[in-house]
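Trainee:
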Amino acid sequence: SAVISQKPSRDICQRGTSLTIQCQVDSQVTMMFWYRQQPGQSLTLIATANQGSEATYESGFVIDKFPISRPNLTFSTLTVSNMSPEDSSIYLCSVKDGGHEQYFGPGTRLTVT
Amino acid sequence: GENVEQHPSTLSVQEGDSAVIKCTYSDSASNYFPWYKQELGKRPQLIIDIRSNVGEKKDQRIAVTLNKTAKHFSLHITETQPEDSAVYFCLDSSGNTPLVFGKGTRLSVIA
Chain U
1 SAVISQKPSR DICQRGTSLT IQCQVDSQVT MMFWYRQQPG QSLTLIATAN
51 QGSEATYESG FVIDKFPISR PNLTFSTLTV SNMSPEDSSI YLCSVKDGGH
101 EQYFGPGTRL TVT
Chain Z
114 GENVEQHPST LSVQEGDSAV IKCTYSDSAS NYFPWYKQEL GKRPQLIIDI
164 RSNVGEKKDQ RIAVTLNKTA KHFSLHITET QPEDSAVYFC LDSSGNTPLV
214 FGKGTRLSVI A
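Heads up: the protein sequence lines correspond to chains U and Z, in order. Just so you know, we're using the working numbering here: the first sequence kicks off at 1 and counts up by one. Just so you know, we're using the working numbering here: the second sequence kicks off at 114 and counts up by one.
#1: Excluding the 5 residues flanking Z:Ser125 on each side, which residues of the same chain have their C-beta closer than 7 Å to its C-beta?
#2: What's the call for U:Ser1, buried or exposed, on a 16-neighbour Cβ count within 10 Å?
#3: From this set, U:Asn50, U:Gly40 and U:Asp87, which residue's C-alpha is nearest Z:Pro211's C-alpha?
#4: Quick one: which chain A residues come within Cβ less than 7 Å of Z:Val213?
#5: According to DSSP, simplified to helix, strand and coil, what is Z:Pro147?
#6: What is the rounded straight-line gap between the Cα of U:Tyr103 and the Cα of U:Met32?
#7: Tell me the DSSP secondary structure of U:Glu86 in three-state form.
#8: Go ahead and pull the three-state DSSP assignment for Z:Glu196.
#9: How would you label Z:Gly114, buried or exposed, when you count the other beta carbons within 10 angstroms and need 16 or more for buried?
#10: Alpha carbon to alpha carbon, how far is Z:Arg219 from U:Ser81?
#11: Give the residues of chain U in contact with Z:Ser206, contact being defined as C-beta atoms less than 8 Å apart.
#12: Under three-state DSSP, which class holds U:Val25?
#13: Look up U:Thr30 in the DSSP assignment and say whether it is helix, strand or coil.
#14: Using only alpha-carbon positions, find the residue among U:Gln38, U:Thr17, U:Thr48 and U:Thr30 that is nearest to U:Val62.
#15: Are at least three pairs of beta-carbons, each pair with one atom in the stretch 132-149 of chain Z and one in the stretch 176-189 of chain Z, less than 8 Å apart?
#16: Please name the residue in Z:Gly215, Z:Ala199, Z:Ser198 and Z:Val200 whose C-alpha comes closest to that of Z:Ser206.
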């Protein structure tokens with residue numbers, strides 16, 4: 001399975017600021033996704049990061065709030081913009097490569113004060 | 114992923130007993146069913162999966178069974194241990210779409 005790393009692992013940010021989370025995979029993968037997991041909740045898909053084109057967002061998530069980049073097949077970033085306390089969550093990068101198996105990064109724990 | 118109903122939402126068992134989690138799917142064309150385990154503070158981990166061309170798959174103390182006619186599949190954990198305590202998610206996954214998670218089952222193994 002792919003080895004996925006995320007940076008930062010955690011951060012505490014002030015409201016109104018933005019944070020960019022990086023996801024690095026140790027091999028080229030076809031698909032990359034971003035999820036959010038709010039405290040005590042299940043995982044919610046934010047978007048699919050498309051290499052070389054705009055990300056595909058799920059209902060309730062917009063590019064202005066969560067801009068995503070995917071410059072190549074091993075790297076993606078998610079920015080949480082103009083943060084509010086409601087954005088406090090764990091953000092997880094996930095990959096799928098050809099087969100059905102999907103794997104998750106360790107997550108970034110974000111606290112907005 | 115497609116909609117999957119999972120039961121129960123919480124499950125408590127005594128250490129050493131068995132635990133069973135059941136899931137029902139709706140799309141008769143579905144052909145891949147993974148199970149993920151998420152321990153507190155950790156990422157979801159794929160623990161076992163089953164494809165539609167088999168009826169049962171085992172890996173040590175865990176097994177998954179699939180009934181295509183009834184469109185349901187189950188996770189069986191035998192000889193449960195405290196480290197089995199986690200949230201378990203059943204999913205219905207197709208090759209080109211991301212997983213869509215339900216609420217899962219919170220399993221507590223009581224020592």
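Beta carbons are placed, not taken as given, at the ideal position from N, Cα and C, and that holds for glycine. All figures in this text were calculated on a predicted structure; none of them were measured in a lab.
Mentor: This is what the structure holds:
#1: For the purposes of this step, residue 125 of chain Z is taken as residue 12 along the second sequence, with counting starting at 1. The residues are Ser221 and Ile223.
#2: Taking the first sequence and counting its residues from 1, one reaches residue 1 of chain U at position 1. Counting Cβ neighbours within 10 Å, U:Ser1 comes out exposed, since fewer than 16 surround it.
#3: Within the second sequence, numbered from 1, the residue matching residue 211 of chain Z stands at position 98. Selected option, being the one with the closest Cα: U:Asn50.
#4: The question asks about chain A, but that chain is absent: this structure's protein chains are U and Z.
#5: Position 34 of the second sequence, counting from 1, holds the residue named residue 147 of chain Z. Here Z:Pro147 sits in strand by DSSP.
#6: Mapped onto the first sequence, residue 103 of chain U falls at position 103. Mapped onto the first sequence, residue 32 of chain U falls at position 32. Approximately 10 Å between the Cα atoms of the pair.
#7: As a working mapping, residue 86 of chain U is identified with position 86 in the first sequence. In the structure shown, U:Glu86 sits in a helix (DSSP, three-state: H, G or I).
#8: Looking up residue 196 of chain Z in the second sequence gives position 83. Three-state DSSP puts Z:Glu196 in a helix.
#9: Working through the second sequence from its first residue, we reach residue 114 of chain Z at position 1. Note that Z:Gly114 scores 46 on pLDDT, short of 50, meaning its location in the model is unreliable and no value can be drawn from it.
#10: Residue mapping note: residue 219 of chain Z aligns to position 106 of the second sequence, counting from 1. Residue mapping note: residue 81 of chain U aligns to position 81 of the first sequence, counting from 1. Approximately 32 Å between the Cα atoms of the pair.
#11: Locating residue 206 of chain Z in the second sequence gives position 93, where the first residue counts as 1. Neighbours of Z:Ser206 on chain U, chain order: His100 and Gln102.
#12: One-based indexing of the first sequence puts residue 25 of chain U at position 25. Here U:Val25 sits in strand by DSSP.
#13: Here residue 30 of chain U refers to the residue found at position 30 when the first sequence is read from its first residue. Of the three classes helix, strand and coil, the one that applies to U:Thr30 here is coil, per DSSP.
#14: Residue mapping note: residue 62 of chain U aligns to position 62 of the first sequence, counting from 1. The shortest C-alpha separation from U:Val62 is found at U:Thr48.
#15: yes
#16: Translated into positions along the second sequence, residue 206 of chain Z becomes position 93. Nearest of Z:Gly215, Z:Ala199, Z:Ser198 and Z:Val200 to Z:Ser206, Cα basis: Z:Gly215.
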